[in-house]
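*Asks:* If you read the sequence shown in our numbering, its first letter stands for residue 1331, the second for the next number, and so on. Attaching a single structure in structure tokens format; questions to follow.
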Amino acid sequence: MAPPKILFCGDVFGRLNQLFKRVSSVNKSAGPFDALLCVGQFFPDFPDQLEEFNEYIEDRSKIPIPTYFIGDYGVGAPKTLSAASKDPMNQGFKMDGLKVCENLYWLRGSGKFTLHGLSVAYLSGRQSASAQQFGTYSQDDVDSLRALAEEPGLVDIFLTNEWPSGITNRATASDVPSVILDSSGGDSTVSELVAEIKPRYHIAGTMGVFYAREPYINVDAVHVTRFFGLAPVGNKDKQKFMHAISPTPASTMSTSELCTKPQNATLSPYIVVDKASPTDGATKRPDDSDSQYWRYDVSRKRQKHGDSDGDKLCFKYVSSGSCPRGEKCHFRHDADAREQSLRGVCFDFLNKGQCERGPDCNFKHSFQEDGEGFPSRRSGSATGSSNRSKECWFCLSSPSVESHLITTIGEHYYCALAKGPLVQDHMLIVPVEHSPNTLSLPSECEKELSRYQSSLKAYFKSQGKEVVFFEWVSKKATHANLQAVPIPSSRASSAEDIFSLAAKKLGFKFSTIKNSEGRKMLRMHFDRNFGLFYVEVPGGTILSHGIEENEKFPAQFGREVMAGLLNIADKADWRNSQLSKDEETKMAEGFKSRFKEYDPNS
């Protein structure tokens, strides 16, 4: 197969008529081209340019070839991108672009995807001290790219809006545009990233000029990188704003082909000669320090161990599976974290229990498999069978039920220790009847459930704790369970805030019920045709969210948020908290003994 043909262009500034007229012309004379990748500001500078821009966004004018952009700022950007974010077709983790309109895709945040065989990485937005919803990149975006940089395989194309600082180091001065020679501009974060990612092509905009740097030799790599800075579309100086390449994907190239170095290749502009030891010829990256070997503090609560480096995950190990420092590394080599990383799980989620980027994050915020509750040790999901059968792990008549976890049984409900508990005394309130939720059961069942909740509240209060109740009502669920997780009283006031923040990051807002009739109101308005997640926080406030047909709602959302609240991110997946049967039995018996005086069935 012939290698793909790719077009790049600099800042568009909303001049889509001029851009796509040029694309059509080039496509006709030298194409067909497979895609157009845009760097720099994509949206207009002024409101009076929106009419032309919206002709394409609203599909009244056609975009000739698939077009991708990372410059998500300018007039009209918030409205257009907010609408794209809410489109059901764009839900989930879409590294290959959110569809804005026909043939136009927004590369949000940071990520890596395959385009016609080419590996494309990108950093959307610009550096900014102020957090904005659109147009800026976050530290999480940067960290995500660093994780991706450790994955096997070369990156063919790296897209950034900003030029990397230092790109003209070791370059032929006569080739560097005067505006660059006179400026100390550029983004040092982009420099660090490109030195780690080592792409074959790096394309950037925003500087207002065209610049094709000589290829440079990467540190610890056999291939060279070519940098192109592109001018804006329609610039007055008629500088080049479009560039075409037709590269063979690195994944199909031999080592000898990748090793080929042009005669004009220079050393990397990002290495620093160690002036303290000029005789040993040592070179290093500007960011070559211990800080690059870890990502996040796994447990901020480990006060008794202090804040040692041993409490931090080794970035190299988790992202690549190995660490050149071996046993001398000061950071933790955690095989479980490595396994979750391979599954695409967000590092923030793994180690903090939450991710500030929410839906903007390109990594997963759940472990993707069902399995909460107390399933039998056979493989399968926590939802069990669609029928009242031997496979239902919650039916008391089922041979699959793990009865050693059950602590008390009433007429309509029973209480059991959660499988893989988040904390000691993490309990489940389970209906005896094979019911998919606790909200649609008769009123006498509701009265008994209320007694269980009151008893658990009193029990935990005696220990200086509060309790959070939550239930995920899935249309696929067959046997319900209401989870009860105790938390320190000192954390009680934070529960509502952290659930609300988690909801915001996932793109929705909870409905709030702040009265004693909260469950009664939920039962009255519950629609069995839709899913539902609700949580009762200390004080009795209930937060609820109706889940639409195509909404991708994390199955472990409640547990994930609670893990974040309690700062035990490694337990967000119940399987990471599994105990032996003897340990489970001992824990259940201990709860029975302590709960006896509060047990409504005693």
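Yeah, the Cβ is synthetic: ideal placement off N, Cα and C, and Gly gets one too.
(1) How far does the beta strand (DSSP E) with residue 1861 in it reach, from first residue to last?
(2) For residue 1339, count neighbouring C-beta atoms within 10 Å of its own C-beta (all shown protein chains included) and say buried if the count is 16 or more, exposed if not.
(3) Residue 1854: buried (16+ other C-beta within 10 angstroms of its C-beta) or exposed?
(4) Since residue 1595 and residue 1547 are thought to touch, with beta carbons under 8 Å apart, how far apart are those beta carbons, to the nearest angstrom?
(5) In whole angstroms, what is the alpha-carbon distance linking residue 1377 and residue 1386?
(6) With 16 other CB atoms within 10 Å as the buried threshold, where does residue 1589 fall?
(7) Grab me the residues of residue 1578's own chain with a C-beta within less than 7 Å of its C-beta, minus the 5 sequence neighbours each way, in chain order.
(8) Would you call the stretch 1799-1813 in contact with the stretch 1830-1837, where contact means no fewer than 3 C-beta pairs closer than 8 Å?
(9) On the CB-based measure, 16 or more other CB atoms within 10 Å of its CB, does residue 1491 come out buried or exposed?
(10) Rounded C-beta distance between residue 1496 and residue 1516? I'm assuming under 8 Å.
(11) Which runs of the beta strand (DSSP E) spanning at least 3 residues fall entirely within the stretch 1490-1568, listed in chain order?
(12) Provide the residue(s) that pair with residue 1875 in DSSP beta bridges, ordered along the chain.
(13) Residue 1865 and residue 1921: beta carbons closer than 8 Å?
(14) Which residues in the same chain have their Cβ closer than 6 Å to the Cβ of residue 1452, if we skip the five residues on either side of it in sequence?
(15) In or out: residue 1790 buried (at least 16 other Cβ within 10 Å) or exposed?
(16) Just checking, does the stretch 1749-1767 make contact with the stretch 1901-1909 on the three C-beta pairs under 8 Å criterion?
(17) Using DSSP with H/G/I as helix, E/B as strand and the rest coil, what is residue 1634?
(18) Report the residue from 1847, 1447 and 1905 whose alpha carbon sits nearest the alpha carbon of residue 1872.
(19) Let me know if residue 1638 comes out buried or exposed under the rule of 16 or more other beta-carbons within 10 Å of its beta-carbon.
(20) I need the straight-line Cα distance from residue 1843 to residue 1852, nearest angstrom please.
(21) Rounded to the nearest angstrom, what separates residue 1427 and residue 1410 at their Cα positions?
(22) Taking the alpha-carbon positions, what's the residue 1868 to residue 1892 distance?
(23) How many Å lie between residue 1745 and residue 1927 at the Cα?
(24) Which residue wins for smallest C-alpha separation from residue 1524, given the options 1557, 1506 and 1354?
(25) Among the candidates 1581, 1485 and 1786, whose CA atom is the shortest distance from the CA of residue 1555?
(26) Helix, strand or coil for residue 1408, going by three-state DSSP, please let me know.
(27) Strictly by DSSP, which residues pair up with residue 1818?
(28) Write down the C-beta distance between residue 1509 and residue 1538 rounded to the nearest angstrom, noting that I regard them as a contact closer than 8 Å.
*Replies:* Here's the rundown:
(1) As a working mapping, residue 1861 is identified with position 531 in the sequence shown. Residues 1861-1866.
(2) In the sequence shown, counting from the first residue as 1, residue 1339 sits at position 9. So residue 1339 ends up on the buried side.
(3) Sequence index remark: in the sequence shown, residue 1854 carries index 524 (1-based). With fewer than 16 other Cβ atoms within 10 Å, it is exposed.
(4) Locating residue 1595 in the sequence shown gives position 265, counting from the first residue. Locating residue 1547 in the sequence shown gives position 217, counting from the first residue. Right, the Cβ-Cβ distance comes to about 6 Å (below 8 Å), so this counts as a contact.
(5) If you number the sequence shown from 1, residue 1377 lands on position 47. If you number the sequence shown from 1, residue 1386 lands on position 56. If you take the alpha carbons of residue 1377 and residue 1386, they lie about 16 Å apart.
(6) As a first step, residue 1589 is located in the sequence shown; it is residue number 259 there, counting from the start. Flag for residue 1589 reads exposed.
(7) Counted from its first residue, the sequence shown places residue 1578 at position 248. The answer, listed in chain order, is 1333.
(8) The stretch 1799-1813, when compared against the stretch 1830-1837, does not touch it at the 8 Å Cβ threshold.
(9) The residue you call residue 1491 lines up with position 161 of the sequence shown. Around the beta carbon of residue 1491, 16 or more other beta carbons lie within 10 angstroms, which makes this residue buried.
(10) Reading the sequence shown from its first residue, position 166 is the one you call residue 1496. Reading the sequence shown from its first residue, position 186 is the one you call residue 1516. About 7 Å separates the Cβ atoms of residue 1496 and residue 1516, confirming a contact at the 8 Å cut-off.
(11) DSSP runs (the beta strand (DSSP E)) wholly in the stretch 1490-1568: 1531-1534 and 1554-1559.
(12) Start at 1 with the first residue of the sequence shown, and residue 1875 comes out as number 545. Its beta-bridge partners are 1863.
(13) Within the sequence shown, numbered from 1, the residue matching residue 1865 stands at position 535. Within the sequence shown, numbered from 1, the residue matching residue 1921 stands at position 591. No; because the gap between Cβ atoms is not below 8 Å, this pair is not in contact.
(14) The residue labelled residue 1452 in the question sits at position 122 within the sequence shown. 1400, 1437 and 1489, listed in sequence order.
(15) The residue labelled residue 1790 in the question sits at position 460 within the sequence shown. With 16 or more other Cβ atoms inside 10 Å of its own Cβ, residue 1790 counts as buried.
(16) Because the criterion of three Cβ pairs below 8 Å is met, the stretch 1749-1767 and the stretch 1901-1909 touch.
(17) Within the sequence shown, numbered from 1, the residue matching residue 1634 stands at position 304. Bear in mind that a pLDDT of 30 at residue 1634, under 50, signals an unreliable position, so the model cannot answer this.
(18) The sequence position of residue 1872 within the sequence shown is 542, counting from 1. Closest option to residue 1872, judged by alpha-carbon separation, among 1847, 1447 and 1905: 1847.
(19) Within the sequence shown, numbered from 1, the residue matching residue 1638 stands at position 308. In this predicted model, residue 1638 has a pLDDT of only 41, less than 50, meaning its place in the structure is not dependable; the value taken from the coordinates is given anyway. Under this definition residue 1638 is an exposed residue.
(20) Residue 1843 sits at position 513 when you count from the first residue of the sequence shown. Residue 1852 sits at position 522 when you count from the first residue of the sequence shown. Cα atoms of residue 1843 and residue 1852: separation of roughly 9 Å, rounded to the nearest angstrom.
(21) Residue numbering aside, residue 1427 sits at position 97 when the sequence shown is read from its first letter. Residue numbering aside, residue 1410 sits at position 80 when the sequence shown is read from its first letter. The C-alpha of residue 1427 lies about 14 Å from the C-alpha of residue 1410.
(22) Sequence index remark: in the sequence shown, residue 1868 carries index 538 (1-based). Sequence index remark: in the sequence shown, residue 1892 carries index 562 (1-based). Annotation: residue 1868 to residue 1892 spans about 13 Å, alpha carbon to alpha carbon.
(23) For the purposes of this step, residue 1745 is taken as the residue at position 415 of the sequence shown. For the purposes of this step, residue 1927 is taken as the residue at position 597 of the sequence shown. Residue 1745 and residue 1927 have their alpha carbons spaced roughly 15 Å apart.
(24) Numbered from 1 along the sequence shown, position 194 holds the residue referred to as residue 1524. The candidate whose alpha carbon is nearest that of residue 1524 is 1557.
(25) Numbered from its first residue, the sequence shown carries residue 1555 at position 225. The shortest Cα separation from residue 1555 among 1581, 1485 and 1786 belongs to 1485.
(26) Taking the first residue of the sequence shown as 1, we reach residue 1408 at position 78. Here residue 1408 carries a helix assignment [DSSP, helix/strand/coil].
(27) Against the sequence shown, residue 1818 aligns to sequence position 488. According to DSSP, residue 1818 bridges with 1795.
(28) For the purposes of this step, residue 1509 is identified with residue 179 of the sequence shown, where counting begins at 1. For the purposes of this step, residue 1538 is identified with residue 208 of the sequence shown, where counting begins at 1. Indeed, because the Cβ distance is near 7 Å, the residues count as touching under 8 Å.
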